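Going by the UniProt record's numbering, the sequence shown opens with residue 1, and the numbers climb by one from there.
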Amino acid sequence: MNVWDWSYTAEIMPDLLDGLIVTLRATTLGITIALILGLLLAVARRARSPLLSWPASGFIEFVRSTPLLVQLFFMF
């Protein structure tokens, strides 16, 4: 017994491909932003100046020691 409706799948395929493109763009953008932010924070944390290293260390420790849901509450 086959429950899958292949005609419906063919009908919505353009929408699924559009969703795939949006997902790939969002993933690429997220990875790029995370890489840049991570490199900047790493350089700031390694700096000899406490004005750079302390805030970077505080932010990194906050992100590492709190659940994602708590961080989302802080953002919104």
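Every residue, glycine too, gets a C-beta built ideally from N, C-alpha and C.
The structure displayed is predicted, hence computed values, not measured ones.
Separation of residue 7 from residue 15, as counted between CA atoms: 14 Å
>> Which residue wins for smallest C-alpha separation from residue 42, given the options 57, 24, 2?
In response: 57
### Message
According to DSSP, simplified to helix, strand and coil, what is residue 48?
### Response
coil
- prompt: How long is the line joining the alpha carbons of residue 32 and residue 70, rounded to whole angstroms?
  reply: 23 Å
Is residue 22 helix, strand or coil by DSSP? helix
#### Entry: residue 4 (DSSP reduced to helix, strand or coil)
coil
Just verifying my parser: in three-state terms, what is the DSSP assignment at residue 55?
helix
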